[in-house]
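Residue numbers (this note's numbering): 26 to 343.
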Ligand SMILES: *[C@@H]1O[C@H](CO)[C@@H](O)[C@H](O)[C@H]1NC(C)=O
Ligand SMILES: *[C@@H]1O[C@H](CO)[C@@H](O)[C@H](O)[C@H]1NC(C)=O
Ligand SMILES: *[C@@H]1O[C@H](CO)[C@@H](O)[C@H](O)[C@H]1NC(C)=O
């Protein structure tokens, strides 16, 4: 008993010192820069959201991103919002559709692998005419992920837009054939879009949605991914503050990139320097940025904010 006493005293002292240190840490407000962990393997990573209240107010790390069986059940508020976009579809059994989808396409929790060993550089390539003459091609192709939007082609435009496409975000009305190394990221604005993606690989019977759509699309079934409807709602509510009816494909993919990449470089968004809004691949000078459905001006202002606050790097082209 007596021999053990010194050890007990040491133990007691150690506990006491530990307790005092714990108190000191708890009493000192944590410096914001202590929260900035380098949480990835890149030279620069996405910062902890806490450093920017503006960003923290909008960014929700918990929202489901890509869909798989385990997260496929919709909350009633998501279900209601989703149906408000499309009207109530007839003969749609959501549970059955989801079962079919994940018997055909990979049923995985994609891109949940962030950590100190990962450095995922993403190039998000929009379709703006400001890419013309930019010579961004090699820079874009140097990224791990090159995410393209809708029909934006690479063939014939390689010097300015690059040739690599790891992901292409599309919905039925915007779909094009893609090569078998590219992920097809379906943006399901409507429930029938889920039926359509099954149909294009099987019966090919869906030809309208309700506008005319491609009944068959060349793509690799093993690389299909479905954006979660709740993610679309989240972009609409948290980021666009419900302005416009629903977000554009490009803006949805920008927010998705913030969630799945360690660094986000954005190309081909906004007007060209001469103030014209058009696509690099057609010469129709559409005013496509402010249609009824998307408040493009609002989306672009958010992109500028994200750049100013250094969450993304924006390559504005010419
Ligand atoms: C989804 O909801 C259905 C019906 O309420 C239930 O049977 C099923 O277990 C749920 N799936 C998951 C993955 O939570
Ligand atoms: C919907 O499909 C599921 C799974 O195939 C099935 O169990 C359920 O009975 C169907 N519901 C309706 C209303 O048909
Ligand atoms: C992908 O396409 C190439 C060229 O068309 C072809 O040789 C290859 O077999 C395809 N791979 C798969 C998995 O379909």
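We put the beta carbon where it would ideally sit given N, CA and C, even for glycine.
Bear in mind that the values here come from a model prediction, so they are computed numbers and not experimental data.
Cross-strand partners of residue i (DSSP beta bridge)
i           : result
residue 170 : 147
residue 251 : 211
residue 292 : 150, 340
residue 237 : 233
residue 304 : 153
Reduced DSSP category for residue i - H, G, I as helix; E, B as strand; rest coil
i           : result
residue 127 : helix
residue 91  : strand
residue 284 : helix
residue 330 : helix
residue 278 : helix
residue 178 : coil
residue 403 : Because the chain is modelled from 26 through 343, residue 403 falls outside the range shown and cannot be assessed.
residue 136 : coil
residue 322 : helix
Residue i CB to nearest heavy atom of ligand 2 below 7 Å
i           : result
residue 120 : yes
residue 124 : yes
Spatially closest choice to residue i from the options, by CA coordinates
i           : options           : result
residue 135 : 328, 251, 289     : 251
residue 86  : 302, 263, 295     : 263
residue 297 : 89, 107, 219, 325 : 325
residue 72  : 331, 231, 225     : 331
residue 123 : 149, 170, 95, 140 : 95
residue 244 : 226, 255, 253     : 226
residue 183 : 168, 163, 176     : 163
residue 247 : 144, 165, 126     : 126
residue 285 : 323, 337, 153     : 337
residue 128 : 93, 158, 214, 308 : 93
residue 341 : 273, 295, 300     : 295
residue 181 : 121, 160, 272     : 160
Beta carbon proximity, residue i to chain C, threshold 8 Å
i           : result
residue 185 : No chain C is present in this structure, which holds just one protein chain.
Could I get the ranges of all uninterrupted beta strand (DSSP E) runs contained in the region 181–210, with 3 residues as the minimum, in chain order? 192–195
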